[in-house]
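Undergrad: Quick one: the structure is below, questions incoming.
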Amino acid sequence: MKFLLSLCLLIFCCMSCQTYYVSVTREAIDRSSLASSFAKTPDPRQLDPPSGERLLIQWNLLSKDVHEDLICSLSLIYKNYEEETVHYKVDAKRDVISYFLLGDRYETTKGIMTYKVEILTKEGEVVKSFKHQLWTKLIKLDDL
102 MKFLLSLCLL
112 IFCCMSCQTY
122 YVSVTREAID
132 RSSLASSFAK
142 TPDPRQLDPP
152 SGERLLIQWN
162 LLSKDVHEDL
172 ICSLSLIYKN
182 YEEETVHYKV
192 DAKRDVISYF
202 LLGDRYETTK
212 GIMTYKVEIL
222 TKEGEVVKSF
232 KHQLWTKLIK
242 LDDL
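Per my numbering, the very first residue in the sequence shown carries number 102; after that it's consecutive.
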């Protein structure tokens, strides 16, 4: 009986190992994302609600990787085929950052088409990455 209990405990411990990752969640920002929509409370922002998108970027890295100067590089391609790269400093093993595309900038770009997130060392080596399933390098006809 002790052997069976020990075996179960060993299996449970092995299954609870952490995974190391970078992930991105994409959310629409509109009237329904206001807290007052859930709480049914008065809110002047309900008259002119925000419109746009948010990317929620999360990571969980190995402890040995965090001592270096790491950068989170967010590469975006918008629906109007404009490209942008935004950099964030990585200070912690686990963290969450948000990228907002709101208002006039959202209207101009027509929203986010695709994106790629890379955690990079100062030498440019990729530690972890996440690519949207439609991510590809944008081919510009001017370059041909």
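Ideal placement from N, C-alpha and C gives every residue a C-beta, glycine not left out.
So, at 8 Å on beta carbons, what are the nonlocal neighbours of Thr-209 in its own chain, with the 5 sequence-adjacent residues on each side left out?
TA: Against the sequence shown, residue 209 aligns to sequence position 108. Cβ neighbours of Thr-209 beyond the five flanking positions: Asn-181.
Undergrad: Going straight from the alpha carbon of Asp-166 to that of Lys-232, what length do you get?
TA: Numbered from 1 along the sequence shown, position 65 holds the residue referred to as residue 166. Numbered from 1 along the sequence shown, position 131 holds the residue referred to as residue 232. Spanning the two alpha carbons is a distance of roughly 20 Å.
Undergrad: So, Glu-154 versus Tyr-121, is the Cβ gap smaller than 9 Å?
TA: Within the sequence shown, numbered from 1, the residue matching residue 154 stands at position 53. Within the sequence shown, numbered from 1, the residue matching residue 121 stands at position 20. Going by C-beta atoms, Glu-154 is not nearer than 9 Å to Tyr-121.
Undergrad: So, with DSSP's three-state summary, where would you put Asp-196?
TA: Against the sequence shown, residue 196 aligns to sequence position 95. Asp-196 falls in the strand class under three-state DSSP.
Undergrad: Looking only at DSSP bridge pairs, what is Val-191 linked to?
TA: Your numbering for residue 191 matches position 90 in the sequence shown. In DSSP, Val-191 forms a bridge with Leu-171.
Undergrad: Tell me which residues share the same chain as Gln-159 and place their Cβ nearer than 7 Å to its Cβ, disregarding the 5 neighbours each side in the sequence.
TA: Here residue 159 corresponds to residue number 58 of the sequence shown, with the count starting at 1. Answer for Gln-159: Ser-124 and Val-197, listed in chain order.
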